[in-house]
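*Asks:* There's a structure below that I have some questions on.
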Amino acid sequence: MQLSDIRNITILGTGMMGPGIALLFARTGYNTIIWGPNEEEVEKGRAHFRHNVNDLLEQGIFEKAETNRCFTKTRVTSDWHMATREADFVVEAILEIVELKQDIFVKLENSCPQHTILTSNTSTLLPTDIAAKMRDKSRFLVAHFWNPAHLVPLVEVCGHPGTRSEAIALTMQLLTKIGNEPVHIKKELLGFIGNRIMHAMNREALALVSNGICSAEDIDKVVLAGFGPRFANLGLLEYLDFVGLDHIQRIQKYLYADLDVTPGPLPVINEKVKKGELGCKTGKGLFDWSHRDPEGPRTRRDQEFLRRKKEEEAKAEAKE
């Protein structure tokens, strides 16, 4: 199969990720189906998709014609046969439970055409584990989109030892065509690249809070007012070259030995979970949300992504 042979896309999942991923394919002109397990999930997926498309229209990123194309090219259904029988490329975006994913890919094998490339949007699980029950594992790989998928261009692409190189290459081509920036991870590993870096930072931040060094508010202030904006415009490793590797080496010789190496959840997380203080959904976590709008940070995040998206669209138009 070649890139030009791909016409029909199926997205499994109607939650945070599925509708955003579907939007990317529909905007590019692909026939796109969003599948949900029941009518309630179908309505939820339809609402998420509509909200995402209309938001891009209101922000001036979409023209009316693009909005119409998205709605024309997309169907949302709970009919499994309809969703899978003609699929050329599938993205699974259901719950992050390995047993559920294993079962869904067995079903996909039995209902999709032989040529279909099957991908999972897992953020942390090993491709080998997800594909464990499949007969033909060669067409399976991970394509990990980042939330919100319709605004964040990165996709981490990771196969397992048995994945066909052609499937990986075609996935990279397809993702590039729909406007994403795919990164090929050459060896499978838990968490891929982004989540491993992010959780390494989380571990150190939570250790500082657990040890009474600073508050959660202090941690976020350091990120938002310090290195966060820097790394929005300067790569993590690019920065090392910018500083000088000899200087970085001197720092690593004494600092790395002092960093946290706790092998599991940090004490502050264990304590919060034990108390039922799970974050926004319970009104309290590392922060007290009883007098804060949980939508505030999410809106702030999306507004920044939209601003950057506008800049990218303007640059692309200027080149044409």
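Quick note: the sequence shown, position 39, residue 288 per this note's numbering, numbers continuous.
No residue lacks a Cβ here, since even glycine has one placed at the ideal position from N, Cα and C.
Could you tell me if Tyr503 is buried or exposed, where buried requires 16 or more neighbouring beta carbons within 10 angstroms of its beta carbon?
*Replies:* The residue labelled residue 503 in the question sits at position 254 within the sequence shown. Its Cβ having fewer than 16 others within 10 Å, Tyr503 is exposed.
*Asks:* Please list the terminal residues of the continuous beta strand (DSSP E) segment that includes Thr323.
*Replies:* Position 74 of the sequence shown holds residue 323. Taken as a continuous stretch (DSSP letters only), the beta strand (DSSP E) holding Thr323 covers 323-326.
*Asks:* Quick one: using the 10 Å Cβ neighbour count with 16 as the cut-off for buried, is Phe480 buried or exposed?
*Replies:* Position 231 of the sequence shown, counted from the first residue, corresponds to residue 480. With fewer than 16 Cβ atoms within 10 Å of its Cβ, Phe480 is classed as exposed.
*Asks:* Between the C-alpha atoms of Glu526 and Thr281, what's the straight-line distance to the nearest angstrom?
*Replies:* Residue mapping note: residue 526 aligns to position 277 of the sequence shown, counting from 1. Residue mapping note: residue 281 aligns to position 32 of the sequence shown, counting from 1. Whole-angstrom Cα-Cα distance: 39 angstroms.
*Asks:* Who are the Cβ neighbours of Ile434 in its own chain at under 7 angstroms, not counting the five residues just before and after it?
*Replies:* In the sequence shown, counting from the first residue as 1, residue 434 sits at position 185. Correct list, in chain order: Glu405, Val406, Cys407, Phe441, Ile442.
*Asks:* Between which two residues does the alpha helix (DSSP H) carrying Ser414 extend?
*Replies:* On the sequence shown, residue 414 is found 165 positions in, with the first residue counted as 1. 414-426 is the span of the alpha helix (DSSP H), which, as asked, contains Ser414.
*Asks:* In the structure shown, what three-state DSSP assignment does Asn460 receive?
*Replies:* Translated into the one-based positions of the sequence shown, residue 460 becomes position 211. DSSP places Asn460 in coil when its eight states are reduced to three.
*Asks:* With which residues is Glu405 paired in a DSSP beta bridge?
*Replies:* As a first step, residue 405 must be located in the sequence shown, where it is residue number 156. In the DSSP output, where bridge partners are listed per residue, Glu405 has His393, Val432.
*Asks:* Output the distance between the C-alpha atoms of Gly428 and Gln552, rounded to the nearest integer angstrom.
*Replies:* Looking up residue 428 in the sequence shown gives position 179. Looking up residue 552 in the sequence shown gives position 303. Roughly 19 angstroms separates the two Cα atoms.
*Asks:* Which value, in whole angstroms, describes the spacing of the CA atoms of Ile343 and Leu374?
*Replies:* Translated into positions along the sequence shown, residue 343 becomes position 94. Translated into positions along the sequence shown, residue 374 becomes position 125. The alpha-carbon atoms of Ile343 and Leu374 are separated by roughly 13 angstroms.
*Asks:* Excluding five sequence neighbours on each side, which residues of the same chain lie with their C-beta closer than 8 angstroms to the C-beta of Leu423?
*Replies:* Within the sequence shown, residue 423 is the residue found at index 174, counting from 1. Cβ within range, chain order: Leu252, Ile255, Phe338.
*Asks:* Note down the Cα distance separating Gly267 from Ala398, rounded to an integer number of angstroms.
*Replies:* As a position in the sequence shown, residue 267 is number 18, starting the count at 1. As a position in the sequence shown, residue 398 is number 149, starting the count at 1. When rounded, the distance between both Cα atoms is 8 angstroms.
*Asks:* If you follow the beta strand (DSSP E) that Asp368 is part of, which residue opens it and which one closes it?
*Replies:* On the sequence shown, position 119 is the one that residue 368 refers to. Before going further, note that residue 368 is Thr rather than Asp in the sequence given. 366-369 is the span of the beta strand (DSSP E), which, as asked, contains Thr368.
*Asks:* Distance, Cα to Cα, Asn444 vs Asn396?
*Replies:* Translated into positions along the sequence shown, residue 444 becomes position 195. Translated into positions along the sequence shown, residue 396 becomes position 147. Each residue's alpha carbon lies about 12 angstroms from the other.
*Asks:* My output table needs one value for Leu508: the three-state DSSP class, helix, strand or coil.
*Replies:* Taking the first residue of the sequence shown as position 1, residue 508 is located at position 259. Leu508 falls in the coil class under three-state DSSP.
*Asks:* Between the stretch 263-279 and the stretch 515-534, can you find at least three pairs of beta-carbon atoms closer than 8 angstroms?
*Replies:* Output reads no: the stretch 263-279 does not touch the stretch 515-534.
*Asks:* Within 10 angstroms of its Cβ, does Cys319 collect 16 or more other Cβ (buried), or is it exposed?
*Replies:* Taking the sequence shown and counting its residues from 1, the one referred to as residue 319 is at position 70. Buried: at least 16 other Cβ atoms inside 10 Å.
*Asks:* So, for Pro362: in the same chain, excluding its five sequence neighbours on each side, which residues have a beta-carbon less than 6 angstroms away from its beta-carbon?
*Replies:* Counting from 1 along the sequence shown, the entry for residue 362 is found at position 113. Here the set comprises nothing.
*Asks:* Counting beta carbon pairs with one atom in the stretch 364-372 and one in the stretch 322-342, are three or more of them shorter than 8 angstroms?
*Replies:* A contact exists between the stretch 322-342 and the stretch 364-372.
*Asks:* On the CB-based measure, 16 or more other CB atoms within 10 Å of its CB, does Lys386 come out buried or exposed?
*Replies:* Along the sequence shown, one-based indexing puts residue 386 at 137. It counts as buried.
*Asks:* Take Leu400 and list the residues in its own chain whose beta-carbon comes closer than 7 angstroms to its own, dropping the five residues that flank it on each side.
*Replies:* Working through the sequence shown from its first residue, we reach residue 400 at position 151. Hits under 7 angstroms: Asp551, Phe554, Leu555, Lys558.
*Asks:* Helix or strand or just coil, what does DSSP make of Phe554?
*Replies:* On the sequence shown, position 305 is the one that residue 554 refers to. Of the three classes helix, strand and coil, the one that applies to Phe554 here is helix, per DSSP.
*Asks:* In terms of residues, what are the limits of the alpha helix (DSSP H) holding Thr377?
*Replies:* For the purposes of this step, residue 377 is taken as the residue at position 128 of the sequence shown. Residues 376-379.
*Asks:* Can you tell which of Phe476, Glu437, Leu515, Ile500 has its C-alpha closest to the C-alpha of Ala456?
*Replies:* What you label residue 456 is simply residue 207 of the sequence shown in a count that begins at 1. Comparing Cα positions, the closest option is Leu515.
*Asks:* From the DSSP output, in three-state form, read off Asn280 for me.
*Replies:* In the sequence shown, residue 280 corresponds to position 31, counting from 1. The answer is strand: DSSP assigns Asn280 an E or B state.
*Asks:* Which whole-angstrom value describes the C-beta separation of Lys533 and Ser539, a residue pair presumed to lie in contact below a C-beta threshold of 8 angstroms?
*Replies:* Here residue 533 refers to the residue found at position 284 when the sequence shown is read from its first residue. Here residue 539 refers to the residue found at position 290 when the sequence shown is read from its first residue. Between Ser539 and Lys533 the Cβ distance is about 7 angstroms, and since that is below 8 angstroms, they are a contact.
*Asks:* Run the CB neighbour count on Pro402, radius 10 Å, all protein chains shown included, and call it buried at 16 or more, exposed below.
*Replies:* Taking the sequence shown and counting its residues from 1, the one referred to as residue 402 is at position 153. That one is buried.
*Asks:* Is Ile310 helix, strand or coil by DSSP?
*Replies:* In the sequence shown, residue 310 corresponds to position 61, counting from 1. Ile310 falls in the coil class under three-state DSSP.
*Asks:* Helix, strand or coil for Asp537, going by three-state DSSP, please let me know.
*Replies:* As a working note, residue 537 is residue 288 in the sequence shown. Here Asp537 sits in strand by DSSP.
*Asks:* What does the Cβ neighbour count give for Pro478, buried or exposed, with the cut at 16 atoms within 10 Å?
*Replies:* In the sequence shown, the residue the question calls residue 478 occupies position 229. By the neighbour-count rule (16 or more Cβ atoms within 10 Å), Pro478 is not buried but exposed.
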